[in-house]
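Scroll down for the structure; my scribbles are underneath it.
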Amino acid sequence: MLTAAILVGCSQTPTALTTGGSEAAADQGGLRSSYSVAGSAADSAADPVAVSATTQSMITTATVGVVVADPVKAAAAVSELVDQSGGRVSSRNEQAGSSEQDRQAWAELTVRVPAEKLTTTISSLASIGTVENTTISSADVSAQVTDVAARVEALKVSVTRLETLMAQATTTAELLEAESTLTQRQSDLESLQAVRDQLADQVAMSTLTISLTTTPASPVLAPSGFWGGLSAGWDALTTTLNAVVVAIGAALPWLALVGAGYLIYRWVRRRAAATS
C-alpha cells in the first residue's frame, strides 16, 4: 500500500497532485486524514492562481556608448558610479592607446545595477563623457516567474509527503523506494529553486553594457584653390629635393671609393709607361 502511495501521490506533475492525493488517501485507510491534508496543500501550491504574481516581472538590459578623453580613467569613474548606485561590475576590459602603433584606447564594462536605478545610472554617465547612443530592451517574464514559483511550492509539498511516507515505512523495500523517490524530488526542487533565484536576480538587477571610446582623429582635407595648389607644389618640390639630397649622401662614399681606385689605376699606368 505504501508503494502505491509513493507512485500515485508523488510521481504526479504539480497540476495532478490533487487527484493523486485523494487516491492515495482512499487506498491508505487509516492514513486518510494525514494524506488528505497534504493533498489539499499540494492542490493550493499547484494552482497557478494561488501563486500568482502580484507585480509584473521584467528583465531589462541596456547598452550605452560614451565618448571620453581617457577610456581607462573613465572606466574607473564608471566603476565608482555603479558602486554608489548599489550595483556591481561583472566584467571590465580595457586597452591603453599607443600613438606609435596607431592604437586607439577603449574600455568596456558589463555592470549590474538595481532595476529601479537603471535610468538614473545611464543619465549619470553624462558626467563622465558624451553619451552618443543608448539602447534599452525589456522582456516580460511574469508568467515564467509564476510558473516556477508554483512548481517549487508543489515540490516542497511532495518532499514533505515522501518524508512522512519514509517515517511510516514498515519494510526495508518500502523505505528504499521512498528514499529513492525523495532523492529525485529533492534534486528537482533544488534545480527549480536555482531557476527561481536566477530569475529573481535578473528582474531585480538590470544588466548594463558600457562602451568607452575616444574621439577619432579628424581626417586631413586636401588643399583647394590657388594657394592650396601652390602649397601642394611647394611640398612636392621640397620632398623631391630631400630625396635628391639623401641619394647624393648615400652615393658619396661609393664615389670616393671609385675615385681612389681610378687615381691608383692612373698612377700604375704612368709608372709602367715611364719604365718602358
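The numbering of the sequence shown is my numbering, which starts it at 9 and goes up by one. We treat Cβ as the ideally placed atom computed from N, Cα and C, and that holds for glycine.
The stretch 202-218 makes contact with the stretch 65-72, as at least three CB pairs between them are under 8 Å.
DSSP places R96 inside the beta strand (DSSP E), whose first and last residues are 96-103. Contact annotation: the stretch 193-210 does not touch the stretch 132-139, with fewer than three C-beta pairs closer than 8 Å.
Separation of N101 and S131 (C-alpha to C-alpha, rounded to the nearest whole angstrom) is 22 Å. Ranked by how close their Cα comes to the Cα of E124, the residues L200, S106, G94 have G94 in first place. When the alpha-carbon of L89 is set against those of S65, L238, V119, the nearest one is in V119.
Here the stretch 196-208 makes contact with the stretch 158-172; the two share three or more CB pairs at distances below 8 Å. Residue environment analysis places S145 among the exposed positions, since fewer than 16 neighbouring C-beta atoms fall within 10 angstroms of its C-beta. The alpha carbon of M174 has as its nearest neighbour, out of K164, T189, L163, the alpha carbon of T189. In the DSSP annotation of this structure, the continuous segment of the alpha helix (DSSP H) that includes R204 starts and ends at 180-212. Closest in alpha carbon position to A147, among Q64, T180, R274, A82, is Q64. Per DSSP, reduced to three states, the secondary structure at D78 is coil, with no helix or strand assignment.
The beta carbon of A104 is closer than 7 Å to those of V80, A113 in its chain, skipping five residues each way along the sequence.
Taking all protein chains shown into account, R279 has fewer than 16 neighbouring C-beta atoms within 10 Å of its C-beta and is therefore exposed. In the displayed model, G137 falls within coil according to three-state DSSP, outside both helix and strand.
Relative to the Cα of A82, the nearest Cα in the group L200, S106, L126, A134 belongs to A134. Linking G269 to V254 through their CA atoms gives a straight-line distance of about 24 Å. Across the structure, A151 and T172 are spaced so that their CA atoms are roughly 32 Å apart. Annotation: the continuous beta strand (DSSP E) that includes V119 extends over 114-122.
DSSP places T247 in the uninterrupted alpha helix (DSSP H) bounded by 233-283. In this structure, V74 places its C-beta atom within 8 Å of the C-beta atom of S219.
Annotation: A84 to D78 spans about 10 Å, alpha carbon to alpha carbon.
With 16 or more other Cβ atoms from the protein chains shown falling within 10 Å of its own Cβ, Q210 counts as buried. With fewer than 16 other Cβ atoms from the protein chains shown falling within 10 Å of its own Cβ, V266 counts as exposed. In the DSSP assignment, V149 falls outside any alpha helix (DSSP H) and carries neither an H nor an E. For S106, no alpha helix (DSSP H) segment is defined, and its DSSP state is neither H nor E.
In the displayed model, T127 falls within a helix according to three-state DSSP.
When only Cα atoms are considered, L126 and Q92 end up about 12 Å apart.
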